[in-house]
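For the sequence shown, position 120 (counting from the first letter as 1) is numbered 120 according to our numbering, and the numbering increases by one without interruption.
Report on the following structure.
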Amino acid sequence: MAVEESKKIQWSGELVSIQPRTRVWRYLLDNRTHYHLGFTLFFLSEEGNSFSVAISEKQQMKYEFSIGDVIQGSAWTKLYPEREFADYYRAGALKILKKSEKVMDTQCPWTGSVPEMAVYEERGARMLSKSLWKGTCFRCYYATMSNVEIQWDFDRDIKKYRFESFCYGPKSCKYYKPGPARSVPYKDRGPALDIGWLDDLCTQSRDWEE
Numbered sequence: 001m002a003v004e005e006s007k008k009i010q011w012s013g014e015l016v017s018i019q020p021r022t023r024v025w026r027y028l029l030d031n032r033t034h035y036h037l038g039f040t041l042f043f044l045s046e047e048g049n050s051f052s053v054a055i056s057e058k059q060q061m062k063y064e065f066s067i068g069d070v071i072q073g074s075a076w077t078k079l080y081p082e083r084e085f086a087d088y089y090r091a092g093a094l095k096i097l098k099k100s101e102k103v104m105d106t107q108c109p110w111t112g113s114v115p116e117m118a119v120y121e122e123r124g125a126r127m128l129s130k131s132l133w134k135g136t137c138f139r140c141y142y143a144t145m146s147n148v149e150i151q152w153d154f155d156r157d158i159k160k161y162r163f164e165s166f167c168y169g170p171k172s173c174k175y176y177k178p179g180p181a182r183s184v185p186y187k188d189r190g191p192a193l194d195i196g197w198l199d200d201l202c203t204q205s206r207d208w209e210e
């Protein structure tokens, strides 16, 4: 696995999306476990460059960041690019330079006050079309691009890594589409296809409107 040198940087930009930062462990179709780590903040810099910063739940609850805020801080570049989707992590020295005056949506795509991690854990996630994640759903706090760890060989504990988009939003959301089935490879056998029944297991505690 490629390891890069981690460097501390200073950053600033306008917040364009807040999403849960999650890690998913996959093993064939026997297991898809979601871990909830904090939040990923997506920014647009003054120069027009896009970047993302990983923060903790505690930091989000303290500052109550919202879309449109202009924020600055410090962070570190990532050591393992293939394992971490956010561009920067270990954020600190956070400061809101300008508070947003935008009116946030209370319907899909949701852009208001983000829920606590416990809410995401309780709701469970469904696979989300990557094109929707990039487009209509990008601003929604129920959308996420997860760091995925695939258990490729149990005996030698070999893992493979990729990123996948998921949704924690209501099952009735008019924009929702799961996208194509997802291949889950394992050593010396053909890939298993996650066609959606794991979504049903992960979200079985809520009804159609939840």
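A virtual CB, placed ideally from N, CA and C, is assigned to each residue, including glycine.
Problem set entry | Which listed residue (Ser66, Leu28, Ile9 and Ser45) has its alpha carbon closest to that of Cys140 | Ser66
Exercise. Val53 lies in the beta strand (DSSP E); which residues open and close that run?
Worked result: Ser50 to Ile55
Exercise. Which of helix, strand or coil does DSSP assign to Leu37?
Worked result: In the structure shown, Leu37 sits in a strand (DSSP, three-state: E or B).
Problem set entry | CA-to-CA distance, Ala93 to Gln72, given in whole angstroms | 8 Å
Exercise. So what's Lys130 in DSSP terms, helix, strand or just coil?
Worked result: helix
For this session: Assign Cys167 to one of three DSSP states: helix, strand, or coil.
Result: strand
Exercise. Looking at Gln59 and Thr144, is the spacing between their C-beta atoms short of 8 Å?
Worked result: no
Exercise. Are the Cβ atoms of Arg23 and Leu198 separated by less than 8 Å?
Worked result: no
Exercise. How far does the alpha helix (DSSP H) with Tyr120 in it reach, from first residue to last?
Worked result: Met117 to Arg123
Problem set entry | As assigned by DSSP and simplified to three states, the class of Trp197 | helix
Problem set entry | Sub-8 Å separation of Phe39 and Arg26 beta-carbons | no
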